[in-house]
Every structure is written in structure tokens, then in C-alpha cells.
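>
Chains as they are written, first to last, in this note's numbering: chain A, 44 to 189; chain B, 58 to 193.
1) From residue 102 (chain A) to residue 130 (chain A), what distance separates their C-alpha atoms?
2) Considering only the alpha carbon of each residue, which of B:96, B:102, B:172 lies closest to residue 86 (chain B)?
3) Is there contact between the segment 159-175 of chain A and the segment 124-138 of chain B, where contact requires at least three CB pairs shorter than 8 Å?
4) Counting contacts by CB-CB distance shorter than 8 Å, is residue 29 (chain A) in contact with chain B?
5) What first and last residue would you give for the alpha helix (DSSP H) that runs through residue 131 (chain A)?
6) Which term fits residue 139 (chain B), buried or exposed, when burial requires 16 or more other beta carbons within 10 angstroms of its beta carbon?
7) From the DSSP output, in three-state form, read off residue 88 (chain B) for me.
8) Any residues in the segment 50-73 of chain A with a beta carbon nearer than 7 Å to a beta carbon of chain B? Which ones, in chain order?
9) Here's a check: name, in chain order, each residue in its chain whose Cβ is nearer than 6 Å to the Cβ of residue 153 (chain B), leaving out the five neighbours to either side.
10) Counting contacts by CB-CB distance shorter than 8 Å, is residue 103 (chain A) in contact with chain B?
11) Which of helix, strand or coil does DSSP assign to residue 54 (chain A)?
12) Taking its Cβ as the centre, do 16 or more other Cβ atoms sit within 10 Å of residue 170 (chain A), making it buried, or is it exposed?
13) So is residue 147 (chain B) in contact with chain A if we call contact Cβ pairs under 8 Å?
14) Kindly indicate which three-state DSSP category residue 81 (chain A) falls into: helix, strand or coil?
15) What residues of chain A sit near residue 116 (chain B), judged by a beta carbon separation below 7 Å?
16) Contact defined as beta carbons within less than 8 Å: I believe residue 175 (chain A) pairs with residue 167 (chain A). What is the distance between those atoms, to the nearest angstrom?
17) Contact criterion: CB-CB distance below 8 Å. Does residue 99 (chain A) meet it with respect to chain B?
18) Counting contacts by CB-CB distance shorter than 8 Å, is residue 107 (chain B) in contact with chain A?
19) Given a cut-off of 8 Å, decide if residue 52 (chain A) and residue 87 (chain A) are closer than it, judged by their beta-carbon atoms.
20) Output needed for residue 90 (chain A): all residues of its chain with C-beta closer than 7 Å, excluding positions within five of it in sequence on either side, in chain order.
21) Helix or strand or just coil, what does DSSP make of residue 111 (chain B)?
22) When the distance is taken between beta carbons, is residue 93 (chain B) closer than 8 Å to residue 104 (chain A)?
23) Can you find a C-beta in chain B that's less than 8 Å from the C-beta of residue 107 (chain A)?
24) Skipping 5 residues on each side, what residues in its chain have a beta carbon closer than 7 Å to that of residue 114 (chain B)?
25) By the three-class DSSP mapping on this structure, what secondary structure does residue 154 (chain B) have?
26) Using a Cβ-Cβ distance under 8 Å, would residue 76 (chain A) count as near chain B?
27) Short check: CB of residue 181 (chain B) to CB of residue 75 (chain B), under 8 Å?
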């Protein structure tokens with residue numbers, strides 16, 4: 044596969060060693076955004092208005108901690124862009140699969156599963172086909188049609 | 058006074074504009090600059106611009122920063138700040154169900170407005186409504 048049209052957003056950063064809580068804080072935020080680490084302290088997300096905004100804010104928080112950041116917009120020239128797509132798509136899809144599994148059990152906690160669905164949806168950057176399936180399954184579990 | 062922010066306003070910047078108009082500067086004039094601009098002429102107060110005083114700090118939204126910087130005491134503003142934190146920033150806990158809906162309504166409001174100025178004016182109605190509902 045040659046040049047891909049997908050634009051990626053890269054955040055590279057350095058956080059001072061102490062206090063170590065800051066490093067954990069940044070890591071947790073990146074995970075919550077559904078970002079993937081390309082290397083130590085280089086994280087990637089597909090470019091959207093939201094991801095650009097969130098990375099920008101995170102960068103300014105890191106700078107407030109006395110750290111350094113560089114924010115990049117980039118395109119893959121070669122290699123395997125599909126691999127990166129599936130790695131990031133897997134974040135939401137893992138949750139979707141988990142929800143579908145839980146729904147097959149006896150008396151699932153539909154309210155809690157619905158909340159997990161919403162959280163996964165927020166980082167479903169490539170619009171997984173599973174999202175619609177999970178939505179229907181959640182509604183069906185409550186005896187409603189979509 | 059002149060208050061500046063980046064173009065294409067959303068949930069946080071509409072809320073800040075409402076807050077500034079209602080609590081800080083009734084004659085506030087809002088100006089919109091291209092995304093990425095971080096330096097401003099003297100006498101212009103930037104908000105929701107990375108690095109600015111009235112911006113995201115410590116994981117909180119810009120609305121939160123305005124409430125804190127101007128020492129606004131109305132307890133409902135804290136509640137609205139929490140709603141916007143959840144709508145606009147990455148949070149672990151979700152305790153405000155209005156957050157997700159507010160975010161999507163505000164981005165839609167920008168889409169149906171001819172420019173940022175109009176979006177801000179319409180946004181003020183949304184936040185008046187939110188405030189009234191919370192005050193009930």
C-alpha cells in the first residue's frame with residue numbers, strides 16, 4: 044500500500060521525572076483519548092477537530108508541568124497504515140465485544156453497559172460497524188426496538 | 058473591553074462568552090481570530106486559547122478558569138463548570154448527564170449560525186436556559 048490519505052496527529056512529549064504522578068496523569072489521559080504509543084512518549088491519533096483540540100490542551104497541560112511537547116500533523120508515506128488504523132480501532136472494538144458478551148449473560152446490567160457503550164463511542168474514530176450492533180443489542184435487552 | 062478567541066466556537070467558548078457578558082463585562086465585545094494565533098494586542102483579553110490565563114489549566118475547561126480568576130461566587134457556576142469540564146475535556150468521572158448533549162447542541166449551533174458572532178449570541182440563550190433549569 045502506498046501513500047494513505049489519512050492524516051495523523053502525533054504528540055511527542057517530555058515530562059519532568061518528579062513528581063511521578065504527572066507522568067501517570069499524562070499516560071491516563073492519552074489512554075482515555077484512545078491514543079496509541081508509537082514509541083516512548085510519541086502518541087498518535089487520527090486527525091479530527093476533537094483530537095486536535097484535545098492534544099493541544101494536553102500539550103499545554105504538559106508544558107505547565109514544566110515539560111516539553113511537539114504536536115505534529117503527518118501522513119504515512121509507506122509502511123502499514125492499516126495496521127495503525129486497526130490498532131486504534133481495536134480500542135473501541137474491544138469494549139464493544141465485551142459489551143456484547145456481557146449482554147448474552149443472565150440479567151446483564153444494561154444501564155452500566157450503556158455507559159460503557161457511550162464511552163467507547165467517543166473514541167471510535169473509524170466508525171466501527173460493531174457500534175450499531177451494540178446499540179441494537181442494548182435496546183433489545185431493554186425490550187425496545189432501534 | 059475586547060475579548061478574543063479562536064474561530065469556530067464550541068461548548069466551552071460559548072459558555073465563556075455567556076459568563077463574561079453576564080458576570081464580568083456587560084458591554085463585552087468578542088473578536089474571533091484564526092486558529093493557532095497566540096499573541097494578542099494590548100487591551101485584548103484572550104480566552105480558551107492555549108497558554109492564556111483564561112484557558113485550560115490542571116485538566117479543567119476555560120469556563121472553570123474564568124470562574125476562578127474572577128472569583129465568581131454563584132454556586133451554580135461551579136455546577137456549570139463541571140458540566141463543561143465533562144463536555145469539553147477528558148474526565149474520569151461522569152456525573153453530569155447534560156454534558157454530552159450540551160456539547161453536541163453547541164457544535165450544531167455553530168453549524169447553523171452564519172458566523173461566530175451569531176453563534177455566541179445564540180449560545181447565550183442556551184446557557185440562560187441551562188442556568189434557569191439548574192436554578193429551579
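Ideal Cβ placement from N, Cα and C applies to all residues, glycine included. For clarity, every value in this text was computed on a predicted model and none was experimentally measured.
A quick look at the data gives this:
1) 23 Å
2) B:102
3) no
4) The structure shown has nothing for residue 29 (chain A), since chain A only spans 44 to 189.
5) 124-147
6) buried
7) strand
8) 72
9) 139, 140, 143
10) yes
11) strand
12) exposed
13) yes
14) strand
15) 104
16) Going by Cβ atoms, the distance from residue 175 (chain A) to residue 167 (chain A) rounds to 11 Å, so no, they are not a contact pair.
17) yes
18) yes
19) yes
20) 50, 51, 52, 116
21) strand
22) no
23) yes
24) 122
25) coil
26) yes
27) yes
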